[in-house]
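Written out below as structure tokens is the structure these notes cover.
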Amino acid sequence: MSNFSSAFSSTLGRKLVMCLTGLFLCSFLIVHLAGNFQLFKNDDGLAFNQYAHFMTHFTPIKVVSYLLYSSIIIHTIWAIVITLMNRKARPISYAIKPKDGSIWSSRNMGILGTILFVFIVVHMANFWYKYHSGETPYIEYRTDINSGATMSKSINESEFTEYVSFVDNGVQVTKSEDLYKEVSNAFQQWWLVIFYVLAMAALAFHLVHGFQSAFQTLGWNHHKYRPLIKFIGLWVFSIGIPLGFAAMPIYLFLFK
Amino acid sequence: MRRERLELAKSQISNLTSQIKIRMSGNMNLTLKVWRQKNSSTSGKFVTYKAPGISPDMSFLEMLDVVNEDLVKKSEDPIQFDHDCREGICGMCSLVINGEPHGPKRATTTCQLHMRSFKDGDTIVIEPWRAAAFPVVKDLAVDRSAFDRIQQAGGYVSIGTGGVPDANEIAIPKVIADEAFNSATCIGCGACVAACKNASAMLFVSAKISQYAMLPQGQPERYARAEAMVLQMDDEGFGSCTNTYACEAQCPKEIKVTNIARMNREFFNAEFIKG
Ligand code: SF4
Ligand code: FES
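In structure tokens, the structure reads:
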């Protein structure tokens with residue numbers, strides 16, 4: 444009787460798409476944040492650069508990253524489609540704005556989402572694009588295996604063929620693209636730091652509504668689990684994660 | 217704390233005295249801004265009316281009756297609005313009053329709203345339910361037959377359920393019976409649509425799907441019903457829910473958004489698992 448295309452073109456199906464792509468993006472935030480904590484290490488970016496290399500060269504992760512890009516695009520396009528259709532459902536608006544007790548962010552997901560989309564474009568142009576197009580500088584690390592002391596020096600393009608890590612005479616040599624330098628240089632610009640912090644505030648408000656809303660859409664609204672979902676949505680996704688991300692540009696600006 | 221309590225007591229006393237004063241002097245004078253629209257194909261506008269000498273004991277609809285009597289006497293066109301039982305059970309009355317469907321009192325239909333909820337000198341803005349799926353018939357009356365068509369699509373059971381069963385005859389836990397009953401208290405007024413920023417009908421539809429999904433009599437058509445009612449709802453041009461929960465806040469029967477979650481489960485089950 445039913446088929447997938449009618450299911451997904453129904454209002455509930457469209458909500459489901461928003462919900463699943465949204466939750467997938469939420470799960471990515473955890474991974475991204477955990478990885479980016481390497482930025483706080485005092486190692487001239489060795490750990491961070493290793494992590495960046497791993498994330499861009501390990502096949503399963505590459506597959507997931509394409510899923511991620513498509514999720515961002517689908518989530519955005521669907522949001523626009525749904526918003527336009529919802530507008531059509533009320534052609535004449537009220538003279539008096541309805542007072543309805545709903546929370547602000549639930550009514551302004553579109554604005555918050557737009558800010559986040561702009562942020563993602565800027566963010567990817569800043570780092571993802573430069574990294575993938577080979578515009579990042581290069582660095583060589585030499586870690587003494589016995590003492591653990593690391594020295595690093597910038598190298599130029601001719602000294603770098605590909606990412607390598609080998610042991611030479613008791614010294615671990617790593618040659619890598621230096622995304623860390625790119626990142627810490629970028630965050631010497633105060634306005635970029637402010638832009639990032641504001642975008643993370645938008646993320647916080649987007650997730651205050653979005654996370655718990657996704658479970659409602661999935662039909663997972665049960666008096667036993669609801670408080671847990673709300674708790675995770677608030678403390679993990681709209682406070683913990685945006686704070687963690689916002690701390691990075693601030694840290695790099697102040698201490699690097 | 218003590219200061220707060222004192223302030224509260226003071227404000228309660230001043231409220232009471234003002235109410236007593238109104239009662240003693242009798243009545244209040246109000247200004248109404250009412251949406252007037254000839255029919256669905258013309259555009260409407262607000263018209264201002266004076267409503268003098270309104271008793272605080274009148275219901276909101278009785279207040280409008282008084283204004284209408286006056287209009288008729290002046291051989292003007294009376295304001296059209298929907299109503300029937302005036303007991304809060306039929307779902308016929310509507311009106312967005314100062315931005316709130318069914319007015320400022322929670323869990324109360326417009327017919328059960330009394331003028332003591334307003335103050336002497338107030339200006340009250342009265343609008344119809346606004347939704348593409350609820351075209352204006354005239355003034356404040358809208359055509360809610362979209363709800364009927366959704367019901368016709370699946371809001372019934374087609375098995376013979378016999379006469380009214382004796383109490384406790386159907387094997388069903390009380391909590392579930394209560395839940396189903398709560399869903400069944402939806403009177404189909406459409407305030408949820410009016411309150412929703414997307415003019416979504418999901419609170420209504422989910423209540424109607426839920427009341428059967430939880431009862432044994434509703435099982436044979438359970439998933440076909442969920443599918444048919446949701447698709448009919450879409451065809452009527454209602455928006456889709458973005459979980460602001462404005463509907464729950466404004467529903468005169470306090471239907472819960474857990475019904476919407478249940479509808480989602482029923483529909484996804486119908487589409488992806490049981491269909
Ligand atoms: S769910 Fe509430 S607001 Fe909506 S139609 Fe039913 S009773 Fe009216
Ligand atoms: S007139 Fe029947 S519910 Fe208000």
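Top line first, the protein sequences correspond to chains A and B. In terms of my numbering, the first sequence opens at residue 444 and continues consecutively. In terms of my numbering, the second sequence opens at residue 217 and continues consecutively. Cβ coordinates follow ideal geometry from the N, Cα and C atoms, glycine included.
Start-to-end residues for the alpha helix (DSSP H) that takes in residue i
| i | result |
| --- | --- |
| Asp451/B | 438-451 |
| Met430/B | That residue, Met430/B, is in no alpha helix (DSSP H); it is neither H nor E in DSSP. |
| Phe638/A | 633-661 |
| Gln466/B | 462-466 |
| Tyr494/A | 489-500 |
| Ile563/A | 552-566 |
| Arg478/B | 474-484 |
| Ala450/A | 447-452 |
| Ala415/B | Looking at the DSSP string, Ala415/B is not in any alpha helix (DSSP H), and its letter there is neither H nor E. |
| Tyr694/A | 684-698 |
| Glu395/B | 390-400 |
| Val282/B | 276-289 |
| Ser627/A | 622-629 |
| Asp611/A | No alpha helix (DSSP H) contains Asp611/A, which is instead part of the beta strand (DSSP E) from 607-611. |
| Lys673/A | 669-674 |
| Gln368/B | 361-370 |
Own chain partners of residue i with C-beta closer than 7 Å, once the 5 adjacent residues on each side are dropped
| i | result |
| --- | --- |
| Tyr694/A | Phe483 |
| Phe562/A | Ala642 |
| Pro268/B | Asn245 |
| Thr434/B | For the record, residue 434/B in the displayed sequence is Gly; it is not Thr. So the qualifying residues of the chain are Val373, Tyr428. |
| Val263/B | Val250, Arg252 |
| Ala444/B | Ala369, Gly370 |
| Asp486/A | Thr593 |
| Phe483/B | Ala442, Glu443, Val446 |
| Glu600/A | Tyr581 |
Alpha-carbon to alpha-carbon, residue j and residue i
| i | j | result |
| --- | --- | --- |
| His649/A | Tyr428/B | 35 Å |
| Phe654/A | Thr660/A | 10 Å |
| Lys505/A | Lys573/A | 17 Å |
| Leu472/A | Ile684/A | 7 Å |
| Leu431/B | Ala387/B | 10 Å |
| Val607/A | Gly553/A | 44 Å |
| Ser259/B | Met308/B | 23 Å |
| Thr579/A | Val507/A | 23 Å |
| Val460/A | Val283/B | 50 Å |
| Gly304/B | Pro534/A | 29 Å |
| Arg219/B | Asp338/B | 30 Å |
| Ala490/A | Ala477/A | 12 Å |
| Gly455/B | Lys226/B | 45 Å |
| Glu437/B | Lys490/B | 12 Å |
| Asp450/B | Val341/B | 31 Å |
| Gly591/A | Phe674/A | 42 Å |
| Leu463/A | Gly456/A | 11 Å |
| Val288/B | Phe350/B | 27 Å |
| Leu697/A | Leu635/A | 13 Å |
| Ala689/A | Lys624/A | 18 Å |
| Phe570/A | Ser361/B | 55 Å |
| Asp293/B | Asp281/B | 13 Å |
Spatial neighbours of residue i in its chain, beta-carbon cut-off 6 Å, leaving aside the 5 residues before and after
| i | result |
| --- | --- |
| Met479/B | Ser422, Ile425 |
| Ile270/B | Asn243, Met244, Leu246, Met279, Met331 |
| Ser681/A | Ala647, Leu650, Val651 |
| Lys618/A | Glu583, Phe603, Val607 |
Own chain, CB closer than 8 Å to residue i, minus 5 neighbours either side, in chain order
| i | result |
| --- | --- |
| Met444/A | Since pLDDT at Met444/A reaches only 48, below the 50 mark, its modelled position is unreliable, and no value is offered. |
| Ile588/A | Val610, Gly613, Val614, Gln615 |
| Pro670/A | none |
| Lys458/A | Ile525, Thr660 |
| Lys699/A | Ser627, Phe630, Gln631 |
| Ile598/A | Tyr581, Ile582, Glu583, Lys618 |
Residue i, enclosing beta strand (DSSP E) - first and last residue
| i | result |
| --- | --- |
| Met594/A | 593-598 |
| Asn245/B | 244-252 |
| Gly269/B | 261-270 |
| Arg585/A | 581-587 |
| Ile340/B | 339-343 |
| Lys354/B | 352-354 |
Inter-stretch contact (C-beta, 8 Å, three-pair minimum) for the region 510-521 of chain A and the region 399-413 of chain B
no
Kindly confirm or deny that the region 377-384 of chain B and the region 489-498 of chain A touch, where touching means at least three C-beta pairs closer than 8 Å.
no
Chain-ordered list of residues that sit, by beta carbon, closer than 6 Å to a heavy atom of the ligand SF4
Cys402/B, Ile403/B, Gly404/B, Cys405/B, Gly406/B, Ala407/B, Cys408/B, Leu419/B, Phe420/B, Ala423/B, Cys467/B, Pro468/B, Lys469/B, Ile471/B
Are there three or more Cβ pairs, one per stretch, closer than 8 Å when the region 359-375 of chain B is compared with the region 272-280 of chain B?
no
Within the chosen definition, does the region 465-478 of chain B reach the region 321-341 of chain B through at least 3 CB pairs nearer than 8 Å?
yes
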